[in-house]
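Here the sequence shown is numbered in the UniProt record's numbering, starting from 1 and rising by one per residue. I have placed the structure first, in the form of structure tokens, so that the comments after it can refer back to it.
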Amino acid sequence: MIARKRKSNGSETTSGKIPKDDVSSESCLDQPADESVHEVVTFEPSTLPSVHYDPDTTEPISCSLKSLDELLSWKRNEASIFNVSSVPLASRYPPLESCPRRTLVSHDMMGGYLEDRFIQGAEVETPYAFYHWEYIDIFNYFSHQMVTIPPAVWTNAAHRHGVLSIGTFITEWTDGAKTCEAFLADEESYRAAADKLVQISHCNGFDGWLINIENELSETAVNNTGPFLRYLTDQMHERVPGSVVIWYDSVLKDGKLLWQNELNDNNRMFFDACDGFFTNYNWTEQSLEGMKSYAAAQGRFADIYVGVDVFARGKVIGGKYETNKALELIRKYDLSTAIFAPDWVYECHEKADFRQNQDKFWSLLSDFLYIHRPSSNLPFVSSFCQGFGKSLYWRGKVETERSWFNLHAQEIQPLYLSESFGNGGWLRTRGCSEDAWIGGSSLMLEGMIPSGLSDVCARIFSLHVPLAARTFVSFVFKPPVGVKVSLELKTIDGPLCTFDGTEEIASRSVFPEALAESNQLVEQFAQNCGQWASDGWATRCFLLKMIGCSLREVCIRVSRDGGDEDINFNCRIGEIMLLDADNLQAPLQSVEGICVNDVVWQTGVLKGDGHTLKVLLNATLRWQYPTRQVRHFRIHWRHLRGPDPRIPSGPLTLIGRSYSALYRVVELEVPAAPGLIELVVEPVSKEGFSVPEAQWGRQTLSYSQSPSGNPSH
1 MIARKRKSNG SETTSGKIPK DDVSSESCLD QPADESVHEV VTFEPSTLPS VHYDPDTTEP
61 ISCSLKSLDE LLSWKRNEAS IFNVSSVPLA SRYPPLESCP RRTLVSHDMM GGYLEDRFIQ
121 GAEVETPYAF YHWEYIDIFN YFSHQMVTIP PAVWTNAAHR HGVLSIGTFI TEWTDGAKTC
181 EAFLADEESY RAAADKLVQI SHCNGFDGWL INIENELSET AVNNTGPFLR YLTDQMHERV
241 PGSVVIWYDS VLKDGKLLWQ NELNDNNRMF FDACDGFFTN YNWTEQSLEG MKSYAAAQGR
301 FADIYVGVDV FARGKVIGGK YETNKALELI RKYDLSTAIF APDWVYECHE KADFRQNQDK
361 FWSLLSDFLY IHRPSSNLPF VSSFCQGFGK SLYWRGKVET ERSWFNLHAQ EIQPLYLSES
421 FGNGGWLRTR GCSEDAWIGG SSLMLEGMIP SGLSDVCARI FSLHVPLAAR TFVSFVFKPP
481 VGVKVSLELK TIDGPLCTFD GTEEIASRSV FPEALAESNQ LVEQFAQNCG QWASDGWATR
541 CFLLKMIGCS LREVCIRVSR DGGDEDINFN CRIGEIMLLD ADNLQAPLQS VEGICVNDVV
601 WQTGVLKGDG HTLKVLLNAT LRWQYPTRQV RHFRIHWRHL RGPDPRIPSG PLTLIGRSYS
661 ALYRVVELEV PAAPGLIELV VEPVSKEGFS VPEAQWGRQT LSYSQSPSGN PSH
């Protein structure tokens with residue numbers, strides 16, 4: 001099973017970390033690797049901590065810490081091994097520190113920890129997801145729990161696009177004041193709290209904190225707040241390079257709670273002690289003018305994030321579909337912005353229209369946002385999957401037929417655009433779940449080429465990818481009727497590939513010619529993939545010969561196929577991939593050290609004969625493998641032997657996908673005891689090349705009844 005369907009309310013958890021460069025999950029206790037595991041079936045209640053595992057199903061979940069006691073008692077060895085970012089923060093152009101105007105998004109949605117708390121995904125018909133990553137620099141996961149730890153699914157999606165992911169530390173009301181008096185009582189106390197925040201961020205793999213103190217502070221507490229912020233910021237920078245600590249406009253230097261809606265002398269001390277200042281939302285243009293001329297802000301305009309509440313609560317400028325009015329003013333004064341609760345497009349509108357409304361919202365803001373380029377080495381691969389869909393696809397075939405949501409599966413996102421031309425011409429790109437090549441969605445290009453115009457061009461990626469001397473390009477699409485589709489790649493020379501400054505660099509366009517199917521590279525590529533075309537999908541391959549160049553943009557050009565009349569078109573794009581042509585058969589390692597632990601047995605409902613209970617296996621698989629080489633892992637199982645020797649071994653059956661080197665098997669129905677099953681881990685390379693079964697990981701699990709002969713309680 002790929003996803004679990006769950007009610008939106010539920011438990012919350014703390015979390016743990018696997019070192020980002022490790023090839024495996026944490027070590028598997030004392031179990032010998034690759035040896036058969038034996039279990040005695042007992043239907044006892046799960047002893048797994050309910051803060052990390054759903055009490056009903058044992059599937060891994062993520063959430064917050066609710067009190068100062070929980071924060072101070074947090075221990076790395078008790079943290080969840082699942083709620084950990086497995087995607088390193090991608091490099092980007094320009095780097096965050098050189099951006100003169102930044103964009104922060106604060107995700108505040110219905111209390112947080114909804115379907116996104118299920119780390120291995122959930123079955124959701126119409127989920128909320130964010131996919132306009134190219135426009136933003138920092139993603140903040142917000143809730144009103146004291147320590148809001150971003151679910152790993154969000155951090156992975158952000159990191160894949162070069163975006164920081166930060167949590168929230170918040171205190172409010174009377175209880176918040178008591179908390180502050182405790183942890184801000186003296187240096188020892190505030191350092192203890194800060195140390196735990198640093199450890200949690202480092203352990204879970206996210207990039208900092210929004211500090212939101214929304215209660216009054218005593219003289220002692222407020223005098224210790226600046227040193228607390230400075231200590232926290234310094235420690236974060238040391239333990240998590242590139243991290244940020246941002247202060248929310250709330251209390252003043254005298255401890256009073258009075259939102260200023262600007263940076264001024266009353267709150268400057270907090271700004272001076274950390275990386276940034278997030279203003280309250282009721283500012284005016286005079287507030288912006290004041291900050292622009294404020295002496296303490298000089299040289300740090302990018303660190304002032306002017307808050308914009310998309311819900312437009314209170315006396316604010318813009319909001320809702322007029323949020324662009326607020327951004328226009330903010331950018332007029334060269335300040336950064338913090339967009340609060342853009343999930344308004346989901347909460348306050350028809351869920352079925354979510355994609356349309358989200359694309360409209362961000363399109364209205366696009367003139368005031370600044371695209372950054374994710375930077376990576378080859379291979380570059382994207383199937384445009386947004387992290388949810390109506391079915392899960394692999395190479396054009398449905399692998400799992402049901403709605404699902406899992407941001408771990410989100411791939412590098414394209415630029416979603418909407419343009420108009422003269423004479424009624426137009427062009428739009430959007431995600432579509434009706435069909436896909438890999439994952440849950442494809443990219444739709446649709447529009448109208450007006451009479452007198454020969455073609456239109458959509459820029460779908462803005463990147464920084466150094467190319468090999470020979471770069472192999474694969475382009476998967478469904479050929480449209482009445483128009484021709486071609487690739488246009490924009491490159492720059494190596495000496496220009498610097499990250500100093502933010503100025504644009506002139507590029508040159510390359511229009512590659514498709515290789516014949518008989519070309520040796522194409523044949524080799526097709527053999528590695530194991531499947532060439534499927535259900536109307538076509539694959540075109542190209543070879544770029546360019547020494548010392550980097551890819552800057554990927555464009556798709558749609559041109560009329562004869563005639564001069566107005567022509568409507570729609571074209572579905574499935575995948576774009578760029579590979580080093582001299583490494584199309586790079587050897588892949590074998591999955592090693594696979595082991596099984598945290599086994600929980602459950603019974604299901606009575607079967608049709610009215611006597612036999614279903615036996616459900618829940619277990620954690622861990623293994624060793626360099627995860628940066630893979631797109632994901634497929635987890636399979638098969639029955640080898642059961643109580644009836646006349647029943648032959650069964651075929652391999654897919655259980656689900658994993659995006660790191662561990663997976664929780666949940667509610668897997670197995671034959672009654674005694675039995676023997678095999679659990680199999682299949683790596684899927686980033687390129688999608690078939691991995692020989694000899695390199696898959698395998699672990700057998702035998703199980704028997706308890707000595708009493710009755711596996712019940």
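Even glycine gets a Cβ: it sits at the ideal position worked out from N, Cα and C.
* Whose C-beta lies closer than 8 angstroms to the C-beta of ASP334 among residues of the same chain, with five residues either side of it excluded? -> The residue you call residue 334 lines up with position 334 of the sequence shown. Here the set comprises PRO100, ARG101, LYS292 and PHE301.
* **Close Cβ partners of PHE311 (< 7 angstroms) along its chain, the five nearest in sequence each way excluded** => By 1-based counting over the sequence shown, the position of residue 311 is 311. Excluding its 5 nearest sequence neighbours in each direction, PHE311 has C-beta neighbours in its own chain below 7 angstroms: GLY319, ALA341 and TRP344, listed in chain order.
* Asked: Leaving out the 5 sequence neighbours to the left and right, which residues in its chain are closer than 6 angstroms to TYR703 when beta-carbon positions are compared?
  -> Counting from one through the sequence shown, the residue named residue 703 turns up at place 703. So the list reads GLU39, VAL41, ALA673 and GLY675, once near-sequence residues are dropped.
* Asked: Can you tell which of ILE119, HIS159, THR126 and PRO127 has the C-alpha that lies nearest to the C-alpha of ILE138?
  -> For the purposes of this step, residue 138 is taken as the residue at position 138 of the sequence shown. Taking only the C-alpha atoms, the option nearest ILE138 is HIS159.
* Pick helix, strand or coil for ILE200, following the three-state DSSP scheme. => As a position in the sequence shown, residue 200 is number 200, starting the count at 1. The answer is helix: DSSP assigns ILE200 an H, G or I state.
* **CA nearest to the CA of SER376, picked from ARG92, SER690 and PHE43** => For the purposes of this step, residue 376 is identified with residue 376 of the sequence shown, where counting begins at 1. Checked all of ARG92, SER690 and PHE43; the closest Cα to SER376 is ARG92.
* Asked: Helix, strand or coil: which one does DSSP assign to ARG664?
  -> Stepping through the sequence shown from its first residue, residue 664 is reached at position 664. It is a strand residue.
* chain D contact for ASP535 (CB, 7 angstroms cutoff) -> Judged by its chain identifiers, the structure shown contains no chain D, having just a single protein chain.
* Pick helix, strand or coil for LYS545, following the three-state DSSP scheme. => On the sequence shown, residue 545 is found 545 positions in, with the first residue counted as 1. The three-state secondary structure of LYS545, taken from DSSP, is strand.
* Check each candidate in ALA79, SER80, SER62 and PHE82 and name the one with the smallest Cα separation from LEU114. => Here residue 114 refers to the residue found at position 114 when the sequence shown is read from its first residue. Closest by alpha carbon: SER62.
* **Euclidean distance between Cα positions of ASP254 and ASP265** => Counted from its first residue, the sequence shown places residue 254 at position 254. Counted from its first residue, the sequence shown places residue 265 at position 265. Going from the Cα of ASP254 to the Cα of ASP265 covers about 11 angstroms.
* Cβ of PHE228 within 7 angstroms of Cβ of TYR281? -> Indexing the sequence shown from 1 puts residue 228 at position 228. Indexing the sequence shown from 1 puts residue 281 at position 281. No; because the gap between Cβ atoms is not below 7 angstroms, this pair is not in contact.
* To do: Write down every uninterrupted run of the beta strand (DSSP E) in the stretch 254-317 whose length is 3 residues or greater and which is fully enclosed by it, in chain order.
  => Counting whole runs of 3 or more residues, the stretch 254-317 contains the beta strand (DSSP E) stretches 276-278 and 304-309.
* Leaving out five residues before and five after ARG540 in sequence, what residues of the same chain have Cβ atoms less than 6 angstroms from its Cβ? -> The residue labelled residue 540 in the question sits at position 540 within the sequence shown. Here the set comprises PHE475 and ALA514.
* I think GLU134 touches ILE317, with their Cβ atoms under 8 angstroms apart; what is that distance to the nearest whole Å? -> Residue mapping note: residue 134 aligns to position 134 of the sequence shown, counting from 1. Residue mapping note: residue 317 aligns to position 317 of the sequence shown, counting from 1. Actually they are not in contact, since the Cβ atoms of GLU134 and ILE317 sit about 25 angstroms apart, beyond 8 angstroms.
* To do: Reducing DSSP to helix, strand and coil, say where CYS99 ends up.
  => Sequence index remark: in the sequence shown, residue 99 carries index 99 (1-based). If DSSP states are grouped into helix, strand and coil, CYS99 belongs with coil.
* To do: Would you kindly work out how many angstroms separate the C-alpha atoms of ARG76 and HIS202, rounded to a whole number?
  => The residue labelled residue 76 in the question sits at position 76 within the sequence shown. The residue labelled residue 202 in the question sits at position 202 within the sequence shown. The straight-line gap from Cα to Cα measures roughly 10 angstroms.
* **LEU65 - partner residues in DSSP beta bridges** => On the sequence shown, position 65 is the one that residue 65 refers to. For LEU65, DSSP records a beta bridge to VAL147.
* To do: Thinking ARG239 and ALA273 are a contact (beta carbons under 8 angstroms), I'd like their distance in whole angstroms, please.
  => Counted from its first residue, the sequence shown places residue 239 at position 239. Counted from its first residue, the sequence shown places residue 273 at position 273. Not quite, the Cβ-Cβ distance comes to about 18 angstroms (not below 8 angstroms), so this is no contact.
* Asked: Nearest-angstrom Cα distance between TYR663 and LEU327?
  -> Position 663 of the sequence shown, counting from 1, holds the residue named residue 663. Position 327 of the sequence shown, counting from 1, holds the residue named residue 327. Each residue's Cα considered, the two are about 43 angstroms apart.
* Quick one: does the C-beta of PHE361 sit closer than 6 angstroms to a heavy atom of the ligand ZN? -> As for the ligand ZN, it is missing from this structure, which has no ligand bound.
* Would you grab the beta carbon distance between TRP362 and HIS132 for me? Rounded to a whole angstrom, and I think it's under 8 angstroms. => Within the sequence shown, the letter at position 362 stands for residue 362. Within the sequence shown, the letter at position 132 stands for residue 132. HIS132 and TRP362 do touch by the CB rule: their CB atoms are close to 5 angstroms apart, below 8 angstroms.
* Validate contact between the stretch 473-491 and the stretch 570-588 using beta carbons, cut 8 angstroms, 3 pairs -> Yes, the stretch 473-491 is in contact with the stretch 570-588.
* Asked: Anyone know if the C-beta pair for ILE594 and TRP637 falls short of 7 angstroms?
  -> Within the sequence shown, residue 594 is the residue found at index 594, counting from 1. Within the sequence shown, residue 637 is the residue found at index 637, counting from 1. Their beta carbons are not under 7 angstroms apart, which means ILE594 does not touch TRP637 by this criterion.
* ASP175 by DSSP, collapsed to three states: which one? -> Taking the first residue of the sequence shown as 1, we reach residue 175 at position 175. Reduced to three states, the DSSP call for ASP175 is helix.
* Asked: What does a CB cutoff of less than 7 angstroms around ASP22 pick up in its chain, not counting 5 residues either side in sequence?
  -> To locate residue 22, count along the sequence shown from 1; it is residue 22. Residue placement at ASP22 is flagged as unreliable, the pLDDT there being 42, under the threshold of 50; a coordinate-derived value is accordingly withheld.
* To do: Alpha carbon to alpha carbon, how far is GLN629 from GLN699? Give it in angstroms, no decimals.
  => For the purposes of this step, residue 699 is identified with residue 699 of the sequence shown, where counting begins at 1. For the purposes of this step, residue 629 is identified with residue 629 of the sequence shown, where counting begins at 1. Straight-line measurement puts the Cα of GLN629 at about 22 angstroms from the Cα of GLN699.
* Where DSSP assigns a beta bridge to GLN602, which residues make up the other side? -> Mapped onto the sequence shown, residue 602 falls at position 602. The partner list for GLN602 (beta bridge, DSSP) reads LEU616.
* Asked: How about SER442 and LYS390: do their beta carbons lie closer than 7 angstroms?
  -> Locating residue 442 in the sequence shown gives position 442, counting from the first residue. Locating residue 390 in the sequence shown gives position 390, counting from the first residue. Not closer than 7 angstroms, so no.
* For MET109, collect the residues of the same chain with a Cβ closer than 6 angstroms to its Cβ; drop the 5 residues on either side in sequence, then sort them by chain order. => Numbered from 1 along the sequence shown, position 109 holds the residue referred to as residue 109. Counting only Cβ-Cβ distances below 6 angstroms, and skipping sequence neighbours, we find ASP343.
* Asked: Should LYS66 be labelled buried (16 or more other beta-carbon atoms within 10 Å of its own) or exposed?
  -> One-based indexing of the sequence shown puts residue 66 at position 66. Answer is exposed; the Cβ neighbour count stays below 16.
* Bridge partner(s) assigned by DSSP for SER458 -> Working through the sequence shown from its first residue, we reach residue 458 at position 458. Before going on, a small fix: residue 458 reads as Ala here, not Ser. Per DSSP, ILE556.
* **Cβ shell of ASP54 (< 6 angstroms), same chain only, five flanking positions each side left out** => On the sequence shown, residue 54 is found 54 positions in, with the first residue counted as 1. For ASP54, where only same-chain residues beyond five positions count, the Cβ hits under 6 angstroms are ILE61.
* Which of the three DSSP states, helix, strand or coil, is assigned to ILE492? -> If you number the sequence shown from 1, residue 492 lands on position 492. Residue state, collapsed to three classes: strand.
* Asked: Can you name, in chain order, every residue of its own chain whose Cβ lies under 8 angstroms from the Cβ of PHE169, other than the five neighbours on each side?
  -> Residue 169 sits at position 169 when you count from the first residue of the sequence shown. Hits under 8 angstroms: MET146, VAL147, THR148, LEU197, TRP209, LEU210, ILE211 and ASN212.
* To do: Would you kindly work out how many angstroms separate the C-alpha atoms of VAL356 and LYS325, rounded to a whole number?
  => As a working mapping, residue 356 is identified with position 356 in the sequence shown. As a working mapping, residue 325 is identified with position 325 in the sequence shown. Note that residue 356 is Gln in the sequence shown, not Val. About 21 angstroms.
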